[in-house]
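Before any comments, here is the structure.
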Amino acid sequence: MSDLSPIDHIKNEGLRKLLVYWLDLRNGASVPKRSQLDPIAIPWALAEIWLMQLDHDVGRFRFRLAGESVQTIFEQNLSGKTHQDLLDEEVAGIVEGKLTRVCSEPAICHEVGPIYTNTNRPGDGERLIMPLATDDGRNEFILGCTFYDWFGYVEPAGGPSVGYTTTFYPIS
């Protein structure tokens, strides 16, 4: 993936800008390195970003940082936590599967629809999940960003999975 054409349907301008930033960081590599991220370059996304790293001891991803908006949704500091600490086992397993796929293929995950439905602030939104590499080239980090609106959210008839789409785009 060298341009936006495969995922030009991303609606949120902040996500589009973050994807362009991520693509530019690659500089010939398939996945950019975590050490290349510069928060000063992405001020519009900082409150919505979350960074996770694979913890080999437990085989799960742990939050390394989460923006203010993300921490507000979960009503706690997320640093060091896994999805198993925050969500029921079934949902946490689904999320971990997505993160693992993003790093192992590698791929970009784009999600649209009801988001954060297992929290006190569910809403409609859009999310990107992108891999980041260690300095020695192992894809062990996740850069995620979620923009959503929880005001006036009404759960779709049939439950929160109705109208929710997850699409993976392999990185070449």
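Taking my numbering, I'd label the letters of the sequence shown as residues 7 to 178.
Ideal Cβ placement from N, Cα and C applies to all residues, glycine included.
- Selection SER36, LYS23, GLU19 evaluated against VAL108 yields SER36 as nearest (Cα-Cα).
- DSSP, read as helix, strand or coil, puts ASP130 in strand.
- The beta carbon of VAL118 lies closer than 6 Å to those of GLU132, THR171 in the same chain, with the five residues before and after it left out.
- For LEU21, same chain residues with a beta-carbon under 7 Å away, outside a window of 5 residues either side, are GLU132, LEU134, CYS151, PHE153 in chain order.
- The straight-line gap separating the alpha-carbon atoms of ASP91 and GLU146 is approximately 20 Å.
- DSSP places GLY103 inside the alpha helix (DSSP H), whose first and last residues are 95-110.
- Listed as beta-bridge partners of ILE121 by DSSP are GLY129.
- Looking at the DSSP output, GLN59 bridges to ARG68, PHE147.
- Around the CB of GLY65, fewer than 16 other CB atoms lie within 10 Å, so the residue is classed as exposed.
- Each residue's CA atom was taken as its position, placing PRO38 and ARG32 some 4 Å apart.
- Assigned with DSSP and collapsed to three states, ILE114 falls in strand.
- Taking 8 Å as the upper bound for CB-CB distance, ARG70 and LYS87 are not in contact here, some 10 Å apart.
- A distance of 8 Å or more separates the beta carbons of GLU102 and VAL76.
- CA-to-CA, the gap between LEU60 and LEU105 works out to about 9 Å.
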